[in-house]
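The structure appears below as structure tokens.
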Amino acid sequence: MRVPFTFRVPAAEDAEKAGWPASLANFPLGQWTADARRFYSRGDMDQERVAQLEKLGMVWSHFDVAWAEGLSAARGWAAEHGHLLAPLDAACQNAPVGIWLKNARVAARKAQEIELPRGCRWSRPGR
28 MRVPFTFRVP AAEDAEKAGW PASLANFPLG QWTADARRFY SRGDMDQERV AQLEKLGMVW
88 SHFDVAWAEG LSAARGWAAE HGHLLAPLDA ACQNAPVGIW LKNARVAARK AQEIELPRGC
148 RWSRPGR
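Here it is, written out as structure tokens:
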């Protein structure tokens, strides 16, 4: 269940054609889903509702899903090529694995810089 925040159920006549009940016409499903994620992350959602949403395939964290998909694509690339030095335009499993790897490396470098004590930071050439 990856519902974009701005998604609304179509208008009445279009809703019925698409299989939605007319009573849900123009319902802001994206906002409702975002609220459900917020309640879940705070621990304010009843476990029965959590189970119902999980049965529908609720995605609680887009970040976790994106990481898992990127990691899967990176594994596929590594299995096929024997390394993770993919060019920026590389794709595997219809995922932009080259960009994902670049972003993962940048995030790791930033995390390392944050963890270093202030007096121990060094300047890299070109910065």
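The numbering of the sequence shown is our numbering, which starts it at 28 and goes up by one.
Glycine included, every Cβ here is placed at the ideal spot set by N, Cα and C.
6 Å Cβ shell around residue i - same chain, five flanking residues per side excluded
i: Met85; result: Met28
i: Trp47; result: Val36
i: Cys119; result: Ala100, Gly103, Trp104
i: Ala39; result: Ala49, Ala52
Bridge-paired residues (DSSP) for residue i
i: Ala122; result: Cys119
For residue i, the first and last residue of its enclosing alpha helix (DSSP H)
i: His89; result: 89–108
i: Ser68; result: 56–69
i: Leu111; result: Careful: Leu111 lies outside any alpha helix (DSSP H) and carries neither H nor E.
i: Val86; result: It is not in any alpha helix (DSSP H) - Val86 carries neither H nor E in the DSSP assignment.
i: Ala39; result: 39–44
Nonlocal neighbours in the same chain, by C-beta distance under 8 Å from residue i, ignoring five residues either side
i: Leu83; result: Met28
i: Leu143; result: none
Spatial neighbours of residue i in its chain, beta-carbon cut-off 7 Å, leaving aside the 5 residues before and after
i: Leu56; result: Val30, Phe34, Arg35, Val36
i: Tyr67; result: Val77, Trp87
With 16 other Cβ atoms within 10 Å as the buried cut-off, status of residue i
i: Ala42; result: buried
i: Ala106; result: exposed
i: Ala117; result: buried
i: Ala135; result: exposed
i: Ala138; result: exposed
i: Ala93; result: exposed
Any chain D beta carbon closer than 7 Å to residue i
i: Thr33; result: Considering every chain present, this structure includes no chain D. It has just one protein chain.
Exercise for review: Report yes or no: do the stretch 105–121 and the stretch 75–94 share at least 3 C-beta pairs separated by less than 8 Å?
Suggested key: no
Practice item. Say whether the stretch 97–110 touches the stretch 121–128, bearing in mind that this needs 3 or more beta-carbon pairs closer than 8 Å, one atom from each stretch. Key: yes
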